[in-house]
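A.B. asks: Quick note on the working numbering: the sequence shown kicks off at 15 and runs consecutively.
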Amino acid sequence: MIDAIDVAIEDKLEQIQNIKEKQLQRELKKEIKDLQRQKSLYSKAVKLIDLDSKVLALLDTPDYNLLANITPILSHLEEEKIEEFNKIRQEGDVALYLRKVDLSGKDLRGVDLHEADLSETKLIATKLTMSNLNGAKLKGADLSGADLRSADLYGAFLSGANLTRADVRGADLKVMIDFADANLTRADIRGVDLAGMVNFAGATLHDVDFTRICH
Numbered sequence: 015m016i017d018a019i020d021v022a023i024e025d026k027l028e029q030i031q032n033i034k035e036k037q038l039q040r041e042l043k044k045e046i047k048d049l050q051r052q053k054s055l056y057s058k059a060v061k062l063i064d065l066d067s068k069v070l071a072l073l074d075t076p077d078y079n080l081l082a083n084i085t086p087i088l089s090h091l092e093e094e095k096i097e098e099f100n101k102i103r104q105e106g107d108v109a110l111y112l113r114k115v116d117l118s119g120k121d122l123r124g125v126d127l128h129e130a131d132l133s134e135t136k137l138i139a140t141k142l143t144m145s146n147l148n149g150a151k152l153k154g155a156d157l158s159g160a161d162l163r164s165a166d167l168y169g170a171f172l173s174g175a176n177l178t179r180a181d182v183r184g185a186d187l188k189v190m191i192d193f194a195d196a197n198l199t200r201a202d203i204r205g206v207d208l209a210g211m212v213n214f215a216g217a218t219l220h221d222v223d224f225t226r227i228c229h
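1. In whole angstroms, give me the CA-to-CA distance for Thr140 and Arg183.
2. Please report how far the alpha carbon of Asp181 lies from the alpha carbon of Asp126, in whole angstroms.
3. Any idea what DSSP makes of Val206, helix, strand or coil?
4. Here's the rule I'm using: 16 or more other beta-carbon atoms within 10 Å means buried, otherwise exposed. How should Glu93 be labelled?
5. Alpha carbon to alpha carbon, how far is Leu167 from Glu28?
6. Going by the beta-carbon positions, is the gap between Leu198 and Leu177 smaller than 9 Å?
7. Helix, strand or coil for Phe99 per DSSP?
8. Going by beta carbon distance, what residues of the same chain come within less than 8 Å of Gly174, once the five residues before and after it are set aside?
9. Suppose the cutoff is 7 Å on Cβ atoms and the five residues either side in sequence are ignored; what does the same chain contact list for Asp156 look like?
10. With H, G and I counted as helix, E and B as strand and the rest as coil, what does DSSP make of Tyr78?
11. Keeping to the same chain, check which residues put their C-beta closer than 7 Å to that of Gly216; ignore five residues upstream and five downstream.
12. Between Leu88 and the ligand ADP, is the CB less than 8 Å from at least one heavy atom?
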């Protein structure tokens, strides 16, 4: 993958030399900068996992987009490496695009997924306790049975998401949470702070106990 990123950078540098329009040059330079950040994050993140042959095969693709390869990294991230991974991600300031991938049953407790695009992603029974999902896009995601206890869902977009039997106890839902058309059937929301702007328009709320929430 590193070679693929280098090839992409060289290609864009060549394009800059052949293009006279300043605006296009600026856009290409920005793309190069993004690729360099992806390369840095990928290089550091790969070192956090034990690369067996199966994982290496998943990572070794011609797609230079880091996010096409981040799933196996997350899947093999050991607990003691999470803090380091979070630091790498924050320093790299690279967004995570994990649309329509399957992370069901994975242990992602405490992982930094802020502003990640998890639209239509499968997170069935995934452990997300204490995870940072601040501003995450979870539109249409399947979070049925997921453990979201004390997760940071500040500003998350959960419209159309399936949270059937999800455990959301103590999660941070204080500001601008979008549950429009979401399915919260039998979701456990005890201790959740709903004092902020929470949109439940069209949401399914069967067997949801609102008597023990904070507001």
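Ideal placement from N, C-alpha and C gives every residue a C-beta, glycine not left out.
Note that the coordinates shown come from a computational prediction; the quantities given were computed from them, not determined experimentally.
C.D. replies: So, from the listed chains and residues:
1. Looking at the backbone, the Cα of Thr140 and that of Arg183 are separated by about 15 Å.
2. Each residue's Cα considered, the two are about 19 Å apart.
3. It is coil, neither helix nor strand.
4. With fewer than 16 other Cβ atoms from the protein chains shown falling within 10 Å of its own Cβ, Glu93 counts as exposed.
5. Leu167 and Glu28: Cα-Cα distance of roughly 43 Å.
6. Yes.
7. Reduced to three states, the DSSP call for Phe99 is helix.
8. Correct list, in chain order: Lys153, Gly154, Ala194, Asp195, Ala196.
9. Its chain contains Lys136, Leu137, Ile138, Asn176 as the residues whose beta carbon lies nearer than 7 Å to that of Asp156, once the 5 sequence neighbours on both sides are disregarded; these appear in chain order.
10. Its pLDDT being 39, under 50, Tyr78 is placed unreliably in this model, and the coordinates cannot settle the point.
11. The beta carbon of Gly216 lies closer than 7 Å to those of Ala194, Asp195 in the same chain, with the five residues before and after it left out.
12. Of ligands this structure carries none, so the ligand ADP is not represented either.
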